[in-house]
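One point on numbering: in the UniProt record's numbering, the residue at position 126 of the sequence shown is 126, and numbering is uninterrupted.
We put the CB at the ideal spot given by N, CA and C, even for glycine.
Note that the coordinates shown come from a computational prediction; the quantities given were computed from them, not determined experimentally.
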Amino acid sequence: MEILPTDDRSRASWLADVAFFIRAMSDERMAAVVSRLPRAGVPGILDRMEVVVRPGAALWLFLPPRRRRPEIVVPYDGSSSLGHVVQALGIPLTEVQPPVVDGTRSGRLHDGAVIELAPPPRPQPLPDGARFLLDVHLGSLARRLRLLGIDTAYENEADDADLVERAGREHRVLLTQDRGLLMRRALRAGAYVRGAGADAQLADVLDRFAPRLAPWTRCSACNGELADVPKAEVADRLEPGTLRCYERFSRCRSCGRVFWRGAHGRRLDAIVAEALRTRPS
1 MEILPTDDRS RASWLADVAF FIRAMSDERM AAVVSRLPRA GVPGILDRME VVVRPGAALW
61 LFLPPRRRRP EIVVPYDGSS SLGHVVQALG IPLTEVQPPV VDGTRSGRLH DGAVIELAPP
121 PRPQPLPDGA RFLLDVHLGS LARRLRLLGI DTAYENEADD ADLVERAGRE HRVLLTQDRG
181 LLMRRALRAG AYVRGAGADA QLADVLDRFA PRLAPWTRCS ACNGELADVP KAEVADRLEP
241 GTLRCYERFS RCRSCGRVFW RGAHGRRLDA IVAEALRTRP S
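Set out below in structure tokens:
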């Protein structure tokens, strides 16, 4: 029995209805329905191609809940690049190793291809060393990275295009929790920061990149390098109580801010100690 309308206008309306219901279906249900459609007169739907994606469990946080499983069947139009297919799922390319297609890294996509995705190895090598740029939402993390002596630029007003441009110009890894920012074509190097708070975020960055630590050597305000300075040289900038209680001071070579290990030192010492415990300098 023929289920397709015979006139062009009715057929177009029928195809629109089919497309609406297909968009609302799960991948498996859609495949089952398409397999039962008649073979004549329905271009595009009848020739639908698919690829299988196998994302590692560490990548599931980038996927919508219905796709968080070891194997996903997704439509393939026959021309999209491998990178486009991966990012269409919501996974930035910065968060995967070079994908494996049908068991090889040089494999080409085709109908039925199997794509295996794995997160980058940890620690992840950085060709230009550990130099970071953080977006507006990671200010607390920026201060902690600087506390540990890691070269960390921070922008609290720059838009996405400016961040990407600066990261490339200064050879920095852009750290963010904005997946869309990581998917920008012009981005040279970036990473998604896991964790809801500064402690968890710092642990994630140290684990992923294993940067060399040099605590107390960078300015927490501007990222400049600190240098020891005689007390007498900065005495006119200190409160009387600070002059009485502290003897060792340092000053930022860039902004001139003066630092000393004050009442907040214990909390900062704890941050440094934990970082050194998990990632020795």
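For residue 252, DSSP records a beta bridge to 226. Counted as a single uninterrupted DSSP element, the beta strand (DSSP E) harbouring residue 54 occupies residues 49-55. Restricted to the UniProt domain "Ubiquitin Mut7-C" (51-107), the alpha helix (DSSP H) segments that are unbroken, complete and at least 4 residues in length are 82-88, listed in chain order. If the five residues before and after residue 90 are omitted, its C-beta is found closer than 8 Å to the C-beta atoms of 62, 63, 64, 179, all from its own chain and listed in chain order.
Residue 182 and residue 205 do not touch by the CB rule: their CB atoms are close to 15 Å apart, not below 8 Å. Rounded to whole angstroms, the separation of the alpha carbons of residue 99 and residue 184 is 19 Å. With contacts defined by Cβ atoms closer than 8 Å, residue 253 and residue 221 do not form a contacting pair. Residues of the same chain with a CB within less than 7 Å of the CB of residue 144, apart from the 5 flanking positions on each side, are 198, 202, 271 in chain order.
When 113, 231, 187, 170 are compared, the shortest CA-CA separation from residue 131 is found for 170. Judged by beta-carbon spacing, residue 117 lies within the 8 Å limit of residue 59, meaning their Cβ atoms are closer than that value.
Per DSSP, the continuous beta strand (DSSP E) segment holding residue 173 begins and ends at 173-176. With 16 or more other Cβ atoms inside 10 Å of its own Cβ, residue 219 counts as buried. Residues of the same chain with a CB within less than 7 Å of the CB of residue 279, apart from the 5 flanking positions on each side, are 206, 210, 213 in chain order. Closest by C-alpha distance to residue 245, out of 233, 237, 261, is 261.
Short of 8 Å from the beta carbon of residue 232, and not among the five residues preceding or following it, lies no beta carbon of its own chain. With respect to residue 151, residue 223 sits close: the two C-beta atoms are nearer than 8 Å. When secondary structure is reduced to three states using DSSP, residue 150 falls in the coil class, being assigned neither helix nor strand.
Between the C-alpha atoms of residue 93 and residue 200 there is a straight-line separation of about 23 Å.
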